[in-house]
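A quick write-up on the structure given underneath.
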Amino acid sequence: MNEPAPTPAEYWENRYRENGKSWSGNVNAALEREVAGVAPGTALDIGSGEGGDALWLAHNGWVVTAVDIAPTALAIGAAAQGPDDVVTWVAADLADWTPPGSYDLVTSCFLHSFVELPREAILRRAAAAVAPEGLLLVVGHSGAPHWLTAHDDDEPHADEHHQNPGEHRHDDADLPTADDVLAALFFDNERLDRAEWTVLTNGLVERPITAPDGSVISIVDSVLKLRRTAA
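According to our numbering, the sequence shown is numbered sequentially starting from 77.
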């Protein structure tokens with residue numbers, strides 16, 4: 077008899093418990109590029125994982141709320157938090173979590189999953205939490221290098237592929253484009269008025285990563301940044 081499939085919370089918590097620290101701890105390149113020069117305020121990072129982005133934001137003066145489904149991931153981030161970093165770590169399933177307030181910046185980087193994830197609904201709720209004149213940044217994979225799609229997470233070296241930010245298997249995951257995300261945000265959505273939003277970035281951006289053999293190749297991310305107009 078087959079064992080029941082794990083819930084999303086079980087899947088991600090088990091993954092972090094079994095693998096230990098899975099990410100580099102560095103900020104995602106797209107977030108650093110798109111937020112550089114923006115005056116700090118309040119920020120919400122959804123699907124924060126081990127907090128590389130949240131900690132970078134805090135280091136740069138933002139007051140951050142970092143939300144993830146896996147308490148172990150959040151504990152790793154909290155352990156790396158500096159004495160002057162202002163980060164509130166929230167363990168919650170984004171599928172049924174609603175932001176309690178508004179934020180000057182809402183970020184979602186690589187919110188992909190091989191288990192159930194109502195990504196569109198999550199992003200719509202996140203967008204509704206952007207304050208007037210605030211920013212929404214959604215970064216996702218547009219594809220994956222061959223070694224990530226070819227390996228199975230149960231293989232002996234699977235966890236070696238988790239040391240660069242944003243790297244994991246994507247052959248089974250939905251990888252919407254920035255245009256897809258933009259359309260989904262406003263489709264039949266009474267909470268968001270398309271006229272209130274200005275697109276600042278919408279496209280594909282290459283970034284270098286190091287392959288297992290030590291070579292450097294390019295991977296492509298989809299990047300969407302919007303500004304909400306004043307109320």
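Don't be surprised by glycine CBs; every beta carbon is placed ideally from N, CA and C.
Three-state secondary structure (DSSP) of residue i
i: Leu251; result: coil
i: Thr148; result: helix
i: Leu258; result: helix
i: Arg304; result: strand
i: Gly153; result: helix
i: Trp138; result: coil
i: Asp205; result: In the sequence under discussion, the amino acid at residue 205 is Ala, which differs from the Asp named in the question. Three-state DSSP puts Ala205 in coil, outside helix and strand.
i: Trp88; result: helix
i: Leu213; result: strand
i: Leu193; result: coil
i: Asp297; result: strand
Endpoints, alpha helix (DSSP H) assigned at residue i
i: Arg109; result: Ala105 to Val111
Member of the options whose CA lies at the smallest distance from the CA of residue i
i: Ala204; options: Val140, Pro176 and Val296; result: Pro176
i: Val163; options: Asp144, Cys185, Trp173 and Leu170; result: Asp144
i: Leu258; options: Leu213, Ile295, Asp297 and Ser291; result: Leu213
i: Val139; options: Glu110, Asp289 and Trp165; result: Trp165
i: Ala142; options: Glu126, Ala155 and His135; result: Glu126
i: Glu94; options: Trp132, Thr148 and Ala260; result: Thr148
i: Asp129; options: Gln157, Arg200 and Ala171; result: Gln157
i: Gly113; options: Gly137, Arg270 and Leu120; result: Gly137
i: Val103; options: Ala81, Ala115, Glu209 and Leu131; result: Leu131
i: Glu282; options: Asp297, Leu268 and Glu79; result: Asp297
i: Gly117; options: Pro284, Val206 and Trp88; result: Val206
i: Glu110; options: Leu211, Asp264 and Asp269; result: Leu211
i: Arg303; options: Asp289, Ala151, Asn265 and Glu209; result: Glu209
i: Ala151; options: Tyr92, Phe263, Ala287 and Ser291; result: Tyr92
i: Ala271; options: Ala287, Thr305 and Asp264; result: Thr305
i: Pro252; options: Ser189, Leu268, Trp273 and Asn265; result: Ser189
i: Leu170; options: Asp180, Leu120 and Ala134; result: Leu120
Exposure label - residue i; buried when at least 16 CB within 10 Å
i: Glu192; result: exposed
i: Val275; result: exposed
i: Phe186; result: buried
i: Arg195; result: buried
i: Pro280; result: Looking at the sequence shown, residue 280 is not Pro but Leu. Exposed: under 16 other Cβ atoms inside 10 Å.
i: Ser124; result: buried
i: Asp255; result: exposed
i: Ile293; result: exposed
i: Asp172; result: exposed
i: Pro84; result: buried
i: Ala146; result: buried
i: Ala105; result: buried
i: Glu89; result: buried
i: Pro284; result: exposed
i: Gly290; result: exposed
i: Ala202; result: buried
i: Pro82; result: exposed
i: Asp264; result: exposed
i: Ala197; result: exposed
i: Asp269; result: exposed
First through last residue of the beta strand (DSSP E) which encompasses residue i
i: Arg283; result: Trp273 to Thr286
i: Val163; result: Val162 to Ala167
i: Asp172; result: Taken as a continuous stretch (DSSP letters only), Asp172 belongs to no beta strand (DSSP E), as it is neither H nor E.
i: Val182; result: Tyr179 to Cys185
i: Arg119; result: For the record, residue 119 in the displayed sequence is Ala; it is not Arg. Here the beta strand (DSSP E) through Ala119 covers Thr118 to Ile122.
Inter-residue CB distance, residue i and residue j (contact presumed, cutoff 8 Å)
i: Leu300; j: Thr277; result: 7 Å
i: Leu107; j: Val215; result: 7 Å
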